[in-house]
Amino acid sequence: MFNPYKVREDFPILKRKMNNHPLIYFDNAATSQKPRQVIEAMKDFYEKYNANVHRAVHTLSLEATELYEEAHEETAKFIGAESIEEIVFVRGTTEAINLVAYSWGLNNLKPEDEVLVTLMEHHSNIVPWEILSKIKGFKVKYVDINPDGTLNYESLKEMLTSKVKLVCITQVSNVTGVINDVKTVVELAHEKGALVLVDGAQSVPHMPVNVQDLNCDFLAFSGHKMLGPTGIGVLYGKKEILEKMEPFHGGGEMIREVSFNPETRRCTISWNTLPWRFEAGTPDICGAVGLTAAIRYLKALGMENVKAHECSLTEYALKRLKECSKVTVYGPKDAGLKCGIIPFNVEGFNSHDIALLLDSYGIMIRSGFHCAQPLHQKFNISSSARASFYIYNTREEIDRFIEALKEIEESL
Amino acid sequence: MNANPSLEEYIARIEEACGEEKDIIVHFKYEKKNEAIGKILKKAKVERTVAGIIFDITYKNLAIRLYNTGKAIIKKAHNKTQAQQILAELLL
Numbered sequence: 023m024f025n026p027y028k029v030r031e032d033f034p035i036l037k038r039k040m041n042n043h044p045l046i047y048f049d050n051a052a053t054s055q056k057p058r059q060v061i062e063a064m065k066d067f068y069e070k071y072n073a074n075v076h077r078a079v080h081t082l083s084l085e086a087t088e089l090y091e092e093a094h095e096e097t098a099k100f101i102g103a104e105s106i107e108e109i110v111f112v113r114g115t116t117e118a119i120n121l122v123a124y125s126w127g128l129n130n131l132k133p134e135d136e137v138l139v140t141l142m143e144h145h146s147n148i149v150p151w152e153i154l155s156k157i158k159g160f161k162v163k164y165v166d167i168n169p170d171g172t173l174n175y176e177s178l179k180e181m182l183t184s185k186v187k188l189v190c191i192t193q194v195s196n197v198t199g200v201i202n203d204v205k206t207v208v209e210l211a212h213e214k215g216a217l218v219l220v221d222g223a224q225s226v227p228h229m230p231v232n233v234q235d236l237n238c239d240f241l242a243f244s245g246h247k248m249l250g251p252t253g254i255g256v257l258y259g260k261k262e263i264l265e266k267m268e269p270f271h272g273g274g275e276m277i278r279e280v281s282f283n284p285e286t287r288r289c290t291i292s293w294n295t296l297p298w299r300f301e302a303g304t305p306d307i308c309g310a311v312g313l314t315a316a317i318r319y320l321k322a323l324g325m326e327n328v329k330a331h332e333c334s335l336t337e338y339a340l341k342r343l344k345e346c347s348k349v350t351v352y353g354p355k356d357a358g359l360k361c362g363i364i365p366f367n368v369e370g371f372n373s374h375d376i377a378l379l380l381d382s383y384g385i386m387i388r389s390g391f392h393c394a395q396p397l398h399q400k401f402n403i404s405s406s407a408r409a410s411f412y413i414y415n416t417r418e419e420i421d422r423f424i425e426a427l428k429e430i431e432e433s434l
Numbered sequence: 569m570n571a572n573p574s575l576e577e578y579i580a581r582i583e584e585a586c587g588e589e590k591d592i593i594v595h596f597k598y599e600k601k602n603e604a605i606g607k608i609l610k611k612a613k614v615e616r617t618v619a620g621i622i623f624d625i626t627y628k629n630l631a632i633r634l635y636n637t638g639k640a641i642i643k644k645a646h647n648k649t650q651a652q653q654i655l656a657e658l659l660l
């Protein structure tokens with residue numbers, strides 16, 4: 023039985039007081055808090071196992087290498103990948119998307135091609151494609167969204183022509199929490215011969231995600247949003263696609279051989295096997311150890327339970343927000359269509375005012391564009407406040423959030 | 569780092585917020601926040617106070633919202649430099 027009060031005991035930071043109030047952390051879409059299991063695993067690594075990985079013969083390096091490769095295995099199992107060859111560790115979702123842009127896009131996209139991006143994407147799934155389009159000359163086209171923030175699937179179908187080589191779509195919007203039917207999008211895209219890159223930054227931490235079920239070609243996500251440390255993220259790619267891709271970064275570890283030819287005075291380079299071909303230089307080994315601990319923590323809770331808990335909190339929050347007459351909530355009001363993210367504004371205040379006012383109650387939320395300016399333009403709002411929930415949040419915290427909002431409304 | 573001595577003394581961080589409002593968010597140094605708020609309240613015009621937590625003030629046609637938690641929002645400043653100049657005057 024999922025018990026958020028028991029879960030809370032594992033998170034030391036939640037014992038803090040902020041501005042003389044118990045900390046209420048509702049900024050989980052930006053980053054999650056870390057359980058002591060993750061903190062201790064990372065501490066344990068530096069105290070007992072720290073060494074550089076791969077290509078050393080000493081015992082300590084072997085142990086560190088085993089922990090690092092175990093992190094790939096644990097990640098592969100968590101998202102249903104076939105093998106660790108499909109799991110590339112990167113710094114985060116942003117780097118994972120850039121890896122696809124520069125390793126796959128640079129070599130496969132031509133001026134006559136199109137890349138489809140939805141209007142609800144985070145800037146990290148827009149900007150790399152706009153930059154690359156200037157280099158390669160292909161078109162970036164934006165799939166529209168409906169007034170309630172859900173994806174306009176008709177618009178997507180119309181835009182999906184044989185010119186489209188890649189569809190970039192978030193599984194869950196980082197602003198509205200809308201869950202996109204990625205499986206259907208993948209089917210539609212594949213019918214036209216396009217690949218699909220899924221931004222899983224807001225889905226993998228909050229719901230069961232299986233790459234074989236989705237049949238997506240790439241999935242990008244970050245460790246720090248799923249209880250793990252900052253600085254480690256994941257790019258899943260189908261093995262047959264990754265095998266054909268050129269490396270992203272050059273350096274140590276990603277090569278098999280660098281052979282100097284004295285006659286030509288050039289080096290001939292052959293690439294390492296997957297996934298190491300895409301992991302140049304010394305990786306974030308401790309981050310990987312932390313990610314393993316985070317995944318094990320989530321698996322022990324059960325991702326279905328995680329999703330159900332957040333859905334229940336969202337439903338409750340949406341219901342109680344109706345009591346606040348000056349609050350406008352954006353996106354769908356049906357909690358079943360979304361993850362635990364609620365964007366809103368309070369009449370008479372801008373989003374930063376709301377965030378600072380709630381801060382004085384010890385409630386941490388985010389304000390601004392949330393790196394999704396096109397979506398805010400679509401909603402015709404200058405910015406929004408955003409409350410986002412996770413496994414350690416409770417109904418009592420939502421009650422305090424609502425009472426604070428009511429006091430803010432009354433202060434007008 | 570803030571080049572102005574009064575900014576150095578009182579301010580931990582100044583950030584331009586994202587969003588079309590172009591607000592500037594000011595974080596006062598925790599141990600100096602009460603002193604900073606006191607100085608600002610002496611120089612600026614207080615338009616409204618909410619429960620001693622929030623002070624809506626104006627100074628040189630700029631609206632500023634001060635929070636007793638040690639933060640402030642400078643509304644519609646042209647840029648961070650203008651915000652720094654205003655703060656330097658208020659904290660002198």
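Protein chains in written order, with our numbering: chain L, 23 to 434; chain W, 569 to 660. For glycine and all other residues, C-beta sits at the position ideal for the given N, C-alpha and C.
Residue of the options minimising C-alpha distance to residue i
i      : options                        : result
L/E136 : L/L173, L/T116, L/L323, L/S184 : L/S184
W/K648 : W/E583, W/I632, W/L575         : W/E583
L/M276 : L/H76, L/D66, L/K56            : L/H76
L/G272 : L/G303, L/G358, L/T97, L/L173  : L/G303
L/K329 : L/S405, L/M142, L/D356, L/V226 : L/V226
W/C586 : L/C346, L/A51, L/N372, L/F33   : L/N372
L/N196 : L/I119, L/Y414, L/C361, L/D375 : L/C361
W/S574 : W/K590, W/E589, W/I605         : W/I605
L/V200 : L/S292, L/T172, L/F243         : L/T172
L/K6   : L/D49, L/A407, L/P26, L/D32    : Limits of chain L in this structure are 23 at one end and 434 at the other, which puts residue 6 of chain L out of reach.
L/R408 : L/T416, L/C393, L/L121         : L/C393
L/S105 : L/E262, L/I364, L/I420, L/F366 : L/E262
L/D421 : L/D239, L/I46, L/V368, L/N327  : L/I46
L/A223 : L/E180, L/M267, L/V280, L/S146 : L/S146
L/T192 : L/C238, L/L182, L/G215         : L/C238
W/L630 : W/I621, W/F596, W/A619, W/V614 : W/V614
L/Y412 : L/I364, L/N174, L/G259, L/R287 : L/I364
L/R417 : L/E431, L/C333, L/G274, L/E268 : L/C333
L/I307 : L/T53, L/Y90, L/E432           : L/Y90
Residue i - DSSP class collapsed to helix/strand/coil
i      : result
W/A619 : coil
W/M569 : Because W/M569 sits at a pLDDT of 48, beneath the cut-off of 50, its placement in the model cannot be relied upon, and the point is left open.
L/F300 : helix
L/D49  : strand
L/G390 : strand
L/Y338 : helix
L/M442 : A question about residue 442 of chain L goes unanswered here, because the residues of chain L that appear run from 23 up to 434.
W/R581 : strand
L/N8   : Given that chain L is displayed from residue 23 to residue 434, the structure contains no residue 8 of chain L and the question cannot be resolved.
L/C361 : coil
L/N435 : The structure shown does not extend to residue 435 of chain L, since chain L spans only 23 to 434, so no value can be given for it.
L/V368 : strand
L/V79  : coil
L/F445 : The structure shown does not extend to residue 445 of chain L, since chain L is modelled only from 23 through 434, so no value can be given for it.
L/F67  : helix
L/T295 : coil
L/C346 : coil
Beta-carbon gap between residue i and residue j smaller than 8 Å
i      : j      : result
L/L236 : L/V208 : yes
L/F206 : L/V165 : Note on identity: in this sequence residue 206 of chain L is Thr, with Phe being the wrong assignment. Not in contact: L/T206 and L/V165 (Cβ atoms no closer than 8 Å).
L/G353 : L/G245 : no
L/Y71  : L/A86  : yes
L/T314 : L/A93  : yes
L/T115 : L/G255 : yes
L/H374 : W/D624 : no
L/P26  : L/H331 : yes
L/G370 : L/K348 : yes
Residue i beta carbon near the ligand ZN (any heavy atom closer than 7 Å)
i      : result
L/S389 : No copy of the ligand ZN appears in this structure; indeed no ligand is present at all.
Closer than 8 Å to chain C by CB, residue i
i      : result
W/I654 : Here chain C cannot be found, since the structure's protein chains are L and W.
Practice problem: Using a Cβ-Cβ cut-off of less than 9 Å, list which residues of the stretch 574-585 of chain W approach chain L; keep chain order. | Solution: For the stretch 574-585 of chain W, which is checked against every Cβ of chain L, the residues closer than 9 Å are A585.
Exercise. Give, in chain order, every residue of the stretch 392-419 of chain L whose Cβ lies closer than 7 Å to some Cβ of chain W.
Key: Per Cβ criterion, the list reads S404, S405.
Exercise. Pick out the complete beta strand (DSSP E) segments inside the stretch 187-270 of chain L, 3 residues or longer, and give them in chain order.
Key: The stretch 187-270 of chain L contains these whole beta strand (DSSP E) runs: 217-221, 240-244, 255-259.
Practice problem: Note down, in chain order, all residues in the stretch 585-599 of chain W with a beta-carbon under 8 Å from any beta-carbon belonging to chain L. | Solution: Answer in chain order: A585, C586, G587, E588, E589, D591, I593.
Self-check item: Complete runs of the beta strand (DSSP E) confined to the stretch 586-656 of chain W [at least 3 residues]
Solution: You should have 592-596, 613-618, 622-627, 630-635, 639-642.
Exercise. Report the residues of the stretch 356-386 of chain L with a CB closer than 8 Å to any CB of chain W, ordered along the chain.
Key: Within the stretch 356-386 of chain L, the qualifying residues are N372, S373, H374, D375, L378, L379, D381, S382.
Quiz item: Which residues, in chain order, does the stretch 102-121 of chain L contribute to contact with chain W at a C-beta distance below 9 Å?
Solution: Against chain W - using a Cβ distance shorter than 9 Å - the stretch 102-121 of chain L contributes no residues.
Exercise. Please go through the stretch 82-144 of chain L and give each complete beta strand (DSSP E) segment of 3 or more residues, from N-terminal end onward.
Key: The stretch 82-144 of chain L is shown to contain whole beta strand (DSSP E) runs of 3 or more residues at 109-112, 136-140, in chain order.
Quiz item: In chain order, what residues of the stretch 608-631 of chain W put their CB closer than 8 Å to some CB of chain L?
Solution: Per Cβ criterion, the list reads V618, A619, I621, I622.
Quiz item: Which runs of the beta strand (DSSP E), 3 residues or longer, sit entirely within the stretch 384-428 of chain L?
Solution: Taken in chain order, the whole beta strand (DSSP E) runs of length 3 or more contained in the stretch 384-428 of chain L are 388-390, 406-410.
Quiz item: What residues in the stretch 177-201 of chain L bring their beta carbon closer than 7 Å to a beta carbon of chain W?
Solution: When C-beta distances to chain W are compared with 7 Å, every residue of the stretch 177-201 of chain L stays at or above that value.
Quiz item: Any residues in the stretch 153-166 of chain L with a beta carbon nearer than 7 Å to a beta carbon of chain W? Which ones, in chain order?
Solution: Within the stretch 153-166 of chain L, not one residue has a Cβ closer than 7 Å to any Cβ of chain W.
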